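Residue numbers (this note's numbering): 1220 to 1507. Ideal Cβ placement from N, Cα and C applies to all residues, glycine included. Note that this is a predicted model, so its numbers are computed, not measured.
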Ligand SMILES: NC(=O)c1ccc[n+]([C@@H]2O[C@H](COP(=O)([O-])OP(=O)(O)OC[C@H]3O[C@@H](n4cnc5c(N)ncnc54)[C@H](O)[C@@H]3O)[C@@H](O)[C@H]2O)c1
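In C-alpha cells form, the structure reads like this:
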C-alpha cells in the first residue's frame, strides 16, 4: 500500500500543532511509515511529550522537536532552517496549528486578533517560508493546510473561527492554482477539512470520554493520508455523526444561499429551516 513517493519511508514531515490532537496523531502515523518527523508547537510541554513518543517509533536521530509559535515569522524561519540543515528537504508539510477562542460579531476583538494571528497568519507564515524552498526540490512534496467545515458552511456560534477557516480555504485554493501553474513544480497543496475530532480543541484534555459521534485524531489522519495518496485537494472527512453525503448536501445548500439569493445562513433562518430539512431528507432518500 505504501507506494506514494511523498508519504514514504525516509522522507521528511514537518507538522505544526504537533503537540496535541490531529497534529500529534499525524506525527505518530507518519513515523510508523518511517518518515523523519519535525514537530513544532507553541506548547513546549506537549511538544516534548509528543517528540518523545515519536522518537520511540522512529528513533531519536529521526526526530526534531522545535518549539515554534506559528504566528511569529522568526520562529517559522528558524523551524525551516533547522529542518533543512538537518535533513535537506521537506516531503510533507502539515500546516495544522490552530486555536478556537470565542469571537462574536461585535465583541471580543482580542479573540479575533488571536485567531487570525494563528489560524490565518500562522498558515501564511509557514506557507511563505517553506514553499520557496520546497519548490526547488526535485522530489515531489505536499503541503496540507488544515481548514474546517466551519469555514465552508459557516454555522452560527464562533464567527471569528469561521472567518479564519474561510480564509484558509480561500488561500489554499489560491496556492493550489498557483502551484500547478509553476512549470515543473513538484509540489501540490491540499485542504484538510476535519469532521468532529476528539482533540484538545474539542474537550479531549478534560478527561471525559470521547463522544461516540467524534472521530479519533488517528482515524482522521489515516483518512486524510489516504486522500492525499489519491491526489485529492479537498480532504472532506466524515465522522461518527455526519456522513459524507450529508456534508455534500450542506455545502450545496450553503452555496445555494448565494446563487439563489436566500438570506445569509438560511439553514438556521426561521423561514428556511424547514425547507432545508426537507431538501436534506428528500435528497438523502433519492440517494439511498
Ligand atoms: N478537532 C476538531 O473537531 C477540528 C475540526 C475542524 C478543524 N480542526 C482544526 O484542526 C487543527 C488541529 O487542531 P486539533 O483539533 O488537533 O486541536 P488541539 O488543540 O488538540 O491541537 C492544536 C495544537 O496547535 C497548537 N498551537 C496553538 N497555537 C499555536 C501557535 N501559535 N503556534 C504553534 N502551535 C500552536 C496547540 O498548542 C495544540 O498543540 C486546527 O487547525 C483546528 O482548527 C479541528
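Check whether the Cβ of residue 1420 sits closer than 7 Å to any heavy atom of ligand 1, and report yes or no.
yes
Quick check: residue 1364 and residue 1404, are their CB atoms within less than 8 Å of each other?
no
By Cβ distance, which residues of its chain are closer than 8 Å to residue 1346, with the 5 residues on each side in sequence left out?
1314, 1362, 1364, 1390, 1394
Alpha carbon to alpha carbon, what distance is there between residue 1226 and residue 1400?
23 Å
Who pairs with residue 1434 in a beta bridge, going by DSSP?
1416
Where do the ends of the beta strand (DSSP E) carrying residue 1473 lie?
Here residue 1473 belongs to no beta strand (DSSP E); instead the alpha helix (DSSP H) covers 1463-1479.
Compute the distance between the beta-carbons of residue 1349 and residue 1289, then report whether it is under 8 Å.
no
Straight-line Cα distance separating residue 1502 from residue 1312:
37 Å
For a quick check, are the C-beta atoms of residue 1284 and residue 1258 less than 8 Å apart?
yes
Counting Cβ pairs, one atom from each stretch, are 3 or more of them under 8 Å apart for the region 1408-1418 and the region 1240-1251?
yes
From 1499, 1462, 1303, 1467, pick the residue whose C-alpha is nearest to that of residue 1233; which is it?
1303
What number of angstroms, rounded off, separates the C-alpha of residue 1270 from the C-alpha of residue 1402?
37 Å
Would you give the residue range spanned by the beta strand (DSSP E) that residue 1234 belongs to?
1231-1235
Apply the 10 Å Cβ neighbour rule to residue 1496 and answer buried if 16 or more other Cβ atoms are within range, or exposed otherwise.
exposed
Is any non-hydrogen atom of ligand 1 found closer than 7 Å to the C-beta of residue 1318, if you look at the structure I gave you?
yes
For residue 1459, which residues of its own chain have a beta-carbon under 7 Å away from its beta-carbon, when the five flanking residues on both sides are left out?
1431, 1432, 1433, 1434
Excluding sequence positions up to five away, which residues of its chain have a Cβ less than 6 Å from the Cβ of residue 1220?
Because residue 1220 carries a pLDDT of 49, less than 50, the predicted location of this residue cannot be relied on, and the following value inherits that uncertainty. Excluding positions up to five away in sequence, the list is empty.
Return the CA-CA distance between residue 1506 and residue 1372, expressed in angstroms with no decimal places.
21 Å
heavy atom of ligand 1 below 7 Å from residue 1457 C-beta:
no
For residue 1341, collect the residues of the same chain with a Cβ closer than 6 Å to its Cβ; drop the 5 residues on either side in sequence, then sort them by chain order.
1289, 1290, 1316
When the cut-off is 8 Å and only beta carbons count, does residue 1419 lie next to chain B?
You won't find chain B in this structure, because it holds only one protein chain.
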